[in-house]
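Just so you know, the protein sequences line up as chains A and B, in that order.
Be aware that the first sequence starts at 0, since it is given in numbering that gives the first Met the number 0, and climbs by one per residue.
Be aware that the second sequence starts at 0, since it is given in numbering that gives the first Met the number 0, and climbs by one per residue.
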Amino acid sequence: MTNYPTRRRWLGVAGASLGALWLSACDKLTSDPTFARTLTKAEGLTRRAQRLVTDRKALAKEFTAADISKDFKANGTLRPQDYEYEALLATNFTDYALTIDGLVEHPLELTLAEVRGQPSRTQITRHDCVEGWSSIGKWKGARLGPLLDRAKLKPDARYIVFHCADTLEQTLDGTGKYYESIDLIDAYHPQTILAYEMNDVTLPVRHGAPLRLRVERQLGYKHAKYVMRIEAVAALDAKDANGQTILGRGNGGFWSDRGYEWYAGI
Amino acid sequence: MPRRWKRQMIMAETKQKILTRRHTVVTRITHWTNVLALSVLLMSGLQIFNAHPALYWGQKSTFAQPWLAMTKVEVGDVARGVTTVGALKFDTTGLFGWSGKEGMREARGFPAWATIPSFRSLTDGRRWHFFFAWLFVINGLTYWLLGLLGGHIRKDMLPTRDQLAPRHILHEIVTHAKLQFPKGEDARRYNVIQKFTYLAVIAGLLPLMVLTGLSMSPGFNATVPWLIELFGGRQGARTVHFLAASGIVLFVVVHVVLVVASGFWNNIRSMITGKYAIEVETPAKGDVA
């Protein structure tokens, strides 16, 4: 019994050393490319598992008007500083045209009025940020499916890419421009819309005017704001003749290029 | 020599120290796998929490009124870490909200030594978290499946009739409070407080972590819409996830204290080799002399 204080101190020292060792080991492993790749493998497992158990057409929960957040948080770019966008905003988007091209039979150029004339859907849904917070908003927009049908996808089209007006990070190679991509099942999901109204008023700039993608059932960063062009592609990591990735850094989205999951269902 | 002493001496002579088989190989492997998985899940979870160090109830965030928040507040020229819980405010400088070495402090919910990685990185935190979440789930399912099939849950975990007698339970509470633990034949099985606690963890807290975790996935919400409603919505699920994790931390602290207090090396050996030393008068079948 008399050796208890020393034993306790010994355990304390051992515990503290183990803790320090553990922390530095975790940091080292985090920056180790092989280990990082191993960790990322779980993403594929998560995606496949979710798709196995989830009806791909299942709808995200829709709320009532009473649930709408009065403090819907805006994240990412709040006001694009890009010249092209500034010019469009100055004329209240009268000169704006949404381009739909890539692997389509009939490339389209639609004015905002034409987009508003398309088959639409209104939904009150929850927006879940990857950071952990949620806000509920009401969205009205053109359904993406009918728009793609109008442009008629070519058989080899597999993904829909959304090119945005905002540069979220200044980079030398121009990969700081925001973009996102989804597969065809999500593109044709009934709740996937190009929103031009939020909470019954014209979509505000901080929330992505003039058009913002709503792809419910995925995290906030997939909901691309300031959508300028929609492109149908066969692959997200295609390279040009110089071996450079054509779309950003080849991971299918601004945040996917920076380590976040392309599949943002969790 | 007083008679009392004499009797004790005789008893000591007749008792022998034997090694009993305490933990099966399944229990031992799943236990240590859980130690690893839960350590990583806790610390990478705190990294994820730090991306928005505030908690709410219900479906959505009410940004002006979180029930718990860790923030950096400027008081004049001095920065302080402030933690609010409901209407209560605590100065937690150095721990929550504003921490790090003097001169290198940064605004963050939990301090660097509590997160994986130690530096701020939501992407890395999520990768660690989801990878080890799979390990944790597979490990848990293995334990439950083999535990139900092999009888471990029924034979070792469920309290017996005599253990459930109110007198016995009261006795166990009193002796535990005095840090006295069952000896001899009584030490062959888990005591009733152990059984209750372990069951609350393996059938309560740990599955609750998985369910609240899944409830925070917008993809999974569409698959099983009723699950998230059990927690009152996504922010409620995030809060319960945090509270259940806190419950596990509390359990681990008490668990480790009791492991040390009730014979550290004997306990550690039993969870590594499976063999646990007790003093009995007559060894039973299966004991290792």
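Backbone N, C-alpha and C define an ideal beta-carbon position, used for all residues, glycine too.
Return the residue from the list the options that minimises the CA-CA distance to residue i.
i: G150 of chain B; options: B:P282, B:T26, B:E278 and B:L18; result: B:T26
i: L111 of chain A; options: A:L20, A:P209, A:D26 and A:A186; result: A:P209
i: T196 of chain B; options: B:L157, B:H170, B:G232 and B:A164; result: B:L157
i: A263 of chain A; options: A:L235, A:Q217, A:L183 and A:N241; result: A:Q217
i: K60 of chain A; options: B:H240, B:A50, B:R21 and B:E228; result: B:E228
i: E29 of chain A; options: B:I115, B:F219, B:N49 and B:E184; result: It should be pointed out that residue 29 of chain A corresponds to Thr in this sequence rather than to Glu. When only C-alpha atoms are compared, the closest one is B:I115.
i: A132 of chain B; options: B:G246, B:V39 and B:F263; result: B:V39
i: K72 of chain A; options: B:A186, B:T61 and B:E73; result: B:T61
i: I168 of chain B; options: B:G231, B:Q193, B:G212 and B:A236; result: B:Q193
i: K182 of chain B; options: B:I277, B:L45, B:N49 and B:A283; result: B:I277
i: G18 of chain A; options: B:M103, B:G285 and B:M42; result: B:M42
i: D185 of chain A; options: A:P32, A:A35 and A:R50; result: A:R50
i: L178 of chain B; options: B:V258, B:L242, B:L207 and B:A283; result: B:V258
i: P203 of chain A; options: A:Y220, A:K224 and A:D94; result: A:K224
i: S216 of chain B; options: A:V129, A:E113 and A:T63; result: A:V129
i: T93 of chain A; options: A:E104, A:V114 and A:R78; result: A:V114
i: D182 of chain A; options: A:H162, A:C163 and A:R157; result: A:R157
i: V81 of chain B; options: B:E73, B:G75 and B:D90; result: B:D90
i: D286 of chain B; options: B:S120, B:T222, B:R166 and B:R187; result: B:R187
i: I201 of chain B; options: B:N190, B:A164, B:G146 and B:Q162; result: B:G146
i: W261 of chain A; options: A:L143, A:Y178, A:M197 and A:H206; result: A:Y178
i: V103 of chain A; options: A:N74, A:T63, A:I159 and A:R142; result: A:I159
i: M69 of chain B; options: B:A86, B:N49 and B:F130; result: B:N49
Determine which residues share a DSSP beta bridge with residue i and list them.
i: G139 of chain B; result: According to DSSP, which records beta bridges pairwise, G139 of chain B is partnered with nothing at all.
i: Q15 of chain B; result: B:V279
i: M69 of chain B; result: B:T82
i: E168 of chain A; result: BP columns for E168 of chain A are empty, so no partner.
i: T61 of chain B; result: The partner list for T61 of chain B (beta bridge, DSSP) is empty, contrary to what the question assumes.
i: G96 of chain B; result: B:R107
i: G140 of chain A; result: A:R120 and A:A194
i: H126 of chain A; result: A:S134
i: D182 of chain A; result: A:Y158
i: V287 of chain B; result: B:L18
i: R211 of chain A; result: A:A194
i: L109 of chain A; result: A:L97
i: M201 of chain A; result: Looking at the sequence shown, residue 201 of chain A is not Met but Thr. For T201 of chain A, which the question treats as bridged, DSSP gives the partners A:E196.
i: V300 of chain A; result: Because chain A is modelled from 0 through 265, residue 300 of chain A falls outside the range shown and cannot be assessed.
i: V77 of chain B; result: B:V74
i: K176 of chain A; result: A:T166
Helix or strand or just coil, what does DSSP make of residue i?
i: F289 of chain B; result: As shown, chain B starts at 0 and ends at 288. That puts residue 289 of chain B outside it, with no answer to give.
i: T196 of chain B; result: helix
i: A156 of chain A; result: coil
i: K27 of chain A; result: helix
i: V226 of chain A; result: strand
i: M0 of chain A; result: Summary for M0 of chain A: the model assigns pLDDT 46, below 50, so the residue's position carries little reliability; its value from the coordinates is reported in the next sentence. If DSSP states are grouped into helix, strand and coil, M0 of chain A belongs with coil.
i: A164 of chain B; result: coil
i: R126 of chain B; result: helix
i: E171 of chain B; result: helix
i: T5 of chain A; result: helix
i: K177 of chain B; result: coil
i: A13 of chain A; result: helix
i: K274 of chain B; result: strand
i: A50 of chain B; result: coil
i: A19 of chain A; result: helix
i: T26 of chain B; result: helix
i: L157 of chain B; result: coil
i: N265 of chain B; result: helix
i: S43 of chain B; result: helix
i: H206 of chain A; result: helix
i: T114 of chain B; result: coil
State yes or no: is the C-beta of residue i nearer than 7 angstroms to some heavy atom of the ligand SAM?
i: L205 of chain B; result: Absence of the ligand SAM from the depicted structure is noted, as is the absence of any ligand whatsoever, leaving it without description.
- Message: Quick test of the definition: if touching needs 3 or more C-beta pairs under 8 angstroms, does the segment 164–174 of chain B touch the segment 249–260 of chain B?
- Response: Segments in contact, no.
- Message: Ignoring anything shorter than 3 residues, give me the beta strand (DSSP E) runs that lie fully in the segment 31–103 of chain A, in order along the chain.
- Response: For the segment 31–103 of chain A, the full-length beta strand (DSSP E) segments reaching 3 residues or more read 96–101 along the chain.
- At least 3 beta-carbon pairs within less than 8 angstroms: the segment 28–47 of chain A vs the segment 16–34 of chain B: A contact between stretches requires three or more CB pairs, one per stretch, nearer than 8 angstroms, and the segment 28–47 of chain A fails this requirement with the segment 16–34 of chain B.
- Item | Unbroken stretches of the beta strand (DSSP E), 3 residues or longer, contained in the segment 198–222 of chain B | As far as the segment 198–222 of chain B is concerned, it has no whole beta strand (DSSP E) run of at least 3 residues.
- Task: Determine contact between the segment 42–54 of chain B and the segment 63–73 of chain B, defined as no fewer than three beta-carbon pairs at a distance below 8 angstroms.
- Result: By the C-beta criterion, the segment 42–54 of chain B is judged to be in contact with the segment 63–73 of chain B, since at least 3 inter-stretch pairs fall below 8 angstroms.
- Query: Looking at C-beta atoms only, is the number of pairs between the segment 92–103 of chain A and the segment 223–235 of chain A that lie closer than 8 angstroms three or more?
  - Reply: By the criterion of at least three beta-carbon pairs nearer than 8 angstroms, the segment 92–103 of chain A is in contact with the segment 223–235 of chain A.
- Minimum length 3: unbroken beta strand (DSSP E) runs contained in the segment 217–264 of chain A: Counting only runs that start and end inside the segment 217–264 of chain A, the beta strand (DSSP E) elements of at least 3 residues fall at 226–232.
- Message: For the structure I just gave you, are there three or more beta carbon pairs, one from the segment 150–159 of chain A and one from the segment 87–95 of chain A, closer than 8 angstroms?
- Response: These segments do not touch.
- Decide yes or no for the touch test of the segment 6–26 of chain A against the segment 240–252 of chain A: beta carbon pairs closer than 8 angstroms, at least 3 of them. As far as the Cβ criterion goes, the segment 6–26 of chain A does not touch the segment 240–252 of chain A, which means the pair count is below three.
- Do the segment 49–66 of chain A and the segment 103–119 of chain A meet, that is, are 3 or more Cβ pairs less than 8 angstroms apart? Judged by pairs of C-beta atoms under 8 angstroms, the segment 49–66 of chain A does not touch the segment 103–119 of chain A, as fewer than three such pairs exist.
- Completely contained alpha helix (DSSP H) runs for the segment 220–253 of chain B, where each covers 4 or more residues: Listed in chain order, they are 224–228.
- Between the segment 231–241 of chain A and the segment 187–195 of chain A, do at least 3 Cβ pairs fall closer than 8 angstroms? In short, these stretches do not touch, since the Cβ pair count stays below three.
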